[in-house]
Amino acid sequence: MDAKLVQISANSIKKAKFNKRPSLKQMQRAVKTLIAFAGDDPEREGVLDTPKRVSKAYAELFSGYGQDPQEILQKTFTDLSSYDEIILLRDINFYSHCEHHLVPFFGKAHIAYLPNGRIVGLSKLARLVDCFARRLQTQENLTTQIIDALNLYLQPRGAAILIEAEHMCMSMRGVRNAGTTTLTQKFSGVFATNKEEKERFFALLGERDKK
Ligand SMILES: [Zn+2]
């Protein structure tokens, strides 16, 4: 891979650093403002502790900023290095937040790769999805960042990813089209250059529907 290309990818997916985080107090004050803006009384008993709860929830919902994809993919199984067939993890559930409206979008990610001597634990792929999903996102960038991290840190012969998600900003507001699913996909290496490998990915995904 071109050195400059690797640099660009690494910059877009590395552990996010933002040093201008407000204090907990400032955050909770902002939540109060949002409650008032919605039309409710932030001093009402039912929502009095809401700012505290929201700050706690945020720590979990956006924990991806504190996770490093390189660290997640670092540990590989050397005793499995002779396995060179396709590895597919399907139905990885994820929950993310749309960066345009701060409302959730959620769904399933399906990831496949053809290893090149480096194989990670299956749970690591789920953690990789989580690491990027638990940030403010677009589905397109989520798809790209996951496959970029795989290529950069695992260097497989090829990788394939398909994400299907429902966006609350579409279901609850705007066109209010509940149940609509958005699909995004991305391929690299042999999955991008070899039509048969790409078809094999979709065939393996489809196996589920036959059962
Ligand atoms: Zn949105």
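Residue 189 in our numbering sits at position 169 of the sequence shown, and the numbers go up by one each step.
C-beta: ideal position from N, C-alpha, C; glycine also.
Remember, predicted model here, so these are calculated numbers, not experimental data.
For LYS72, the enclosing alpha helix (DSSP H) stretches over residues 70-81. Non-local C-beta neighbours of LEU44 in its own chain, meaning closer than 7 Å and more than five positions away in sequence, comprise SER75, ordered along the chain. Judged by pairs of C-beta atoms under 8 Å, the region 138-157 does not touch the region 186-197, as fewer than three such pairs exist.
For ALA180, the closest alpha carbon among the candidates THR200, GLU63, SER208 is that of SER208. Cβ atoms of ILE112 and ILE131 come within 8 Å of each other, at about 7 Å.
If you ignore the 5 residues before and after PHE211, its C-beta comes within less than 7 Å of the C-beta of GLY178, ALA179, ALA180, GLU217, LYS218, PHE221, all in its own chain and listed in chain order. Checking the DSSP bridge columns, you'll see GLY141 has no partner listed.
Closer than 7 Å to some heavy atom of ligand 1: that describes the Cβ of CYS118.
In the DSSP assignment, ALA56 falls within the unbroken alpha helix (DSSP H) covering 44-58. Exclusion of the five residues before and after GLN205 leaves LEU182 as the residues of its chain whose Cβ lies within less than 6 Å of its Cβ. Residue pairing by DSSP puts GLY209 in a beta bridge opposite GLY178. Membership of LEU93 in the alpha helix (DSSP H) is indicated by the continuous run 89-94. Going by DSSP, SER102 is part of no alpha helix (DSSP H) at all; its letter is neither H nor E.
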